[in-house]
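Asks: Residue numbers (our numbering): 314 to 897.
Idealized CB from N, CA, C, for every residue including glycine.
My structure is below; once you've seen it, I'll send some questions.
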């Protein structure tokens, strides 16, 4: 194969790669990837504590074109911040016989696997080989026999997927996705599953029957309190925190994205099912509390009773909201992957609950109190219920991430206790300030302001801690993609550019927006579906490697993911070649 033919083939592969939306949104497509590995003294990669490489400054380095340089200098293709690395340490080149690496350093050695290269020496660079420069290790990822002997020409099964060329039209761009399809597969024969499903449907029907009259009564109360404007405020203002919560989910769910159907189901649980159950539980607790004469002789009986009531009602609300997450984690375990998912679904459940609760507050409050409610429940407390429930979701997600069934019960207990404690603390502070002001124990303005400040300070501190947990969880999720898609690149099922893009949330979003602008909405949905399939493949392989059972079917999710990746890539390449925007 001549050098001119090699370069022409590389250009064709790069064009196909860019057409698939893997070039980072208009940049050159990646032909190979260098992946930073931990130092040898650190042992194998631990996903639970993975961080960005301190020596290279990035995890994956895309190689655009048939040549690349490595070294400490900023002018190199890949800059390695290692004092033992020369300014220009190594060069990589795609030759008619495949990739080769040359030691360009005059003094420092270069290792390719177990082979040491002296200055000026070169060596074939096979896909999967590990380079060592100083204390830095880089793994070279490229498709098999990369354009070297014609075995992997563009359009061959090796380039578009290990399972062969895709036929037909990829379906379900707005459907549940492969993970959810396989999670539901085989359940039709289970009597227990049908019993649980029917029980949930019945619970939803009863909850709707209870919630609808409640909302109608709240609407009448708002009209009586302030007319149509008050009713409009009671309906519209609670939607603002819900929209903010959805924005948080869109920003948070970056890698293995959750299906919209389950996100909607989580919202419905909070808004429809949890509300009447919580009201029934709270009334029962308040009635039982009122029958106990334990506060009658206390000097601050009103305050003690109010605090006790807030603790009990907070615990009841968190238990009811958290029950939805438990159902999801147990019934659809394949779709509940990690801490990130626990937080995402917790935010949605809390947002649904907050919508109805806020409608009640705005509808039943006098018109002159609406500005204070806007400040407390829309501007400052817009993530209040979502924060409480996300704490419980994070605990369940940590148990799932540990891949030990024995971890669920302790995690659920700790998570529920933490969520209920924060909820009770928030409400107790507000109740205490109001009660002290009403009883004249302290100046009304001082007690209310202090209680307001302390309550929201506790909420903001909890949100900051939750955000830190989320960042670490996202890093682990990206590490899963990085670790479990590497061999897919070596097998040819995943292109190098796709590998780089799917683990970089910002570049992935830019690439999807570029497809939208260039090719239209349907191509945009296909690009998102392609990236979702890549992430889903990695997460599925991770779960199986950690002990999850294989599916009781001839075709496994991994194979379905590879076929879907190939089909979506082919469709995007065809749309790019046609240059005609695709509309739904």
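Looking at the unbroken alpha helix (DSSP H) that takes in residue 820, where does it start and where does it end?
Replies: 818-832
Asks: Count the other C-beta atoms from every protein chain shown that fall within 10 angstroms of the C-beta of residue 859, then say buried if there are 16 or more, exposed otherwise.
Replies: exposed
Asks: Specify the secondary structure class of residue 651 as computed by DSSP and reduced to three states.
Replies: coil
Asks: What separation, rounded to the nearest whole angstrom, lies between the Cα atoms of residue 393 and residue 573?
Replies: 41 angstroms
Asks: Quickly, what does DSSP pair residue 702 with across the bridge? List them, please.
Replies: Residue 702 pairs with nothing; no bridge assigned.
Asks: Could you please give the first and the last residue of the uninterrupted beta strand (DSSP E) stretch that includes residue 424?
Replies: 423-425
Asks: In chain order, which continuous runs of the alpha helix (DSSP H) of length 4 or greater are located wholly inside the segment 506-547?
Replies: none
Asks: Can you tell me which of 445, 843, 513 and 698 puts its alpha carbon nearest to the alpha carbon of residue 641?
Replies: 513
Asks: Check for me: the alpha helix (DSSP H) holding residue 412 runs from which residue to which?
Replies: Taken as a continuous stretch (DSSP letters only), residue 412 belongs to no alpha helix (DSSP H), being part of the beta strand (DSSP E) at 411-416.
Asks: Between which two residues does the alpha helix (DSSP H) holding residue 577 run?
Replies: 573-581
Asks: Taking the straight line between their C-alpha atoms, what separation do you get for residue 567 and residue 524?
Replies: 34 angstroms
Asks: Between which two residues does the alpha helix (DSSP H) containing residue 492 stretch?
Replies: 491-497
Asks: Exposed or buried, which one is residue 682 when buried takes at least 16 other CB atoms within 10 Å?
Replies: exposed
Asks: When you compare the CB positions of residue 829 and residue 837, do they come within less than 8 angstroms of one another, or not?
Replies: yes
Asks: Which residues in the same chain have their Cβ closer than 7 angstroms to the Cβ of residue 320, if we skip the five residues on either side of it in sequence?
Replies: In this predicted model, residue 320 has a pLDDT of only 43, less than 50, meaning its place in the structure is not dependable; the value taken from the coordinates is given anyway. Only 379 meet the Cβ criterion.
Asks: Count the CB pairs spanning the segment 571-588 and the segment 783-798 that are closer than 8 angstroms, and state whether there are at least three.
Replies: Touching, no, given that fewer than three Cβ pairs across the two stretches are closer than 8 angstroms.
Asks: Can you tell which of 654, 620, 732 and 678 has its C-alpha closest to the C-alpha of residue 744?
Replies: 620
Asks: Buried or exposed for residue 839, please, with buried defined as at least 16 other CB atoms from any protein chain shown within 10 angstroms of its CB.
Replies: buried
Asks: Please check the pair residue 376 and residue 347, which I expect to be a contact at CB under 8 angstroms, by giving their CB distance rounded to whole angstroms.
Replies: Going by Cβ atoms, the distance from residue 376 to residue 347 rounds to 7 angstroms, so yes, they are a contact pair.
Asks: Please return the same chain residues whose Cβ sits closer than 6 angstroms to the Cβ of residue 557, not counting the five positions on each side in sequence.
Replies: 695
Asks: Would you say residue 706 and residue 598 are within 8 angstroms of each other, going by their C-beta atoms?
Replies: no
Asks: With a threshold of 7 angstroms on Cβ separation, who are the neighbours of residue 594 within its own chain once the five nearest residues in sequence on each side are excluded?
Replies: 629 and 633
Asks: Which full runs of the alpha helix (DSSP H) of 4+ residues lie inside the segment 649-732, going along the chain?
Replies: The qualifying runs are 652-677, 683-686 and 697-715.
Asks: The beta strand (DSSP E) with residue 379 in it runs from where to where?
Replies: It is not in any beta strand (DSSP E) - residue 379 carries neither H nor E in the DSSP assignment.
Asks: Out of 580, 530, 344 and 702, point me to the one whose CA is closest to residue 734's CA.
Replies: 702
Asks: Within the continuous alpha helix (DSSP H) that includes residue 881, where are the two ends?
Replies: 870-891
Asks: Leaving out five residues on either side along the sequence, give the residues of the same chain with a beta carbon under 6 angstroms from the beta carbon of residue 854.
Replies: 797
Asks: Kindly indicate which residue of 382, 646 and 670 has the alpha-carbon position closest to the one of residue 587.
Replies: 670
Asks: Do residue 453 and residue 440 have their C-beta atoms within less than 8 angstroms of each other?
Replies: yes
Asks: Residue 374 bridges to which residues according to DSSP?
Replies: 347
Asks: So, helix, strand or coil for residue 760, using DSSP?
Replies: Here DSSP, grouped into helix, strand and coil, assigns residue 760 to helix.
Asks: Compute the Euclidean distance between the alpha carbons of residue 483 and residue 879, then round it to the nearest angstrom.
Replies: Residue placement at residue 483 is flagged as unreliable, the pLDDT there being 45, under the threshold of 50; the coordinate-derived value follows with that caveat. Roughly 9 angstroms separates the two Cα atoms.
Asks: Comparing alpha-carbon positions, which option in 503, 775, 692 and 589 lies nearest residue 516?
Replies: 589
Asks: Secondary structure at residue 447, three-state DSSP: helix, strand or coil?
Replies: Coil at residue 447, not helix or strand.
Asks: Are the segment 659-673 and the segment 526-544 touching by the rule of at least three beta carbon pairs closer than 8 angstroms?
Replies: yes
Asks: Would residue 691 pass as a contact of residue 554 if the rule is Cβ separation under 8 angstroms?
Replies: yes
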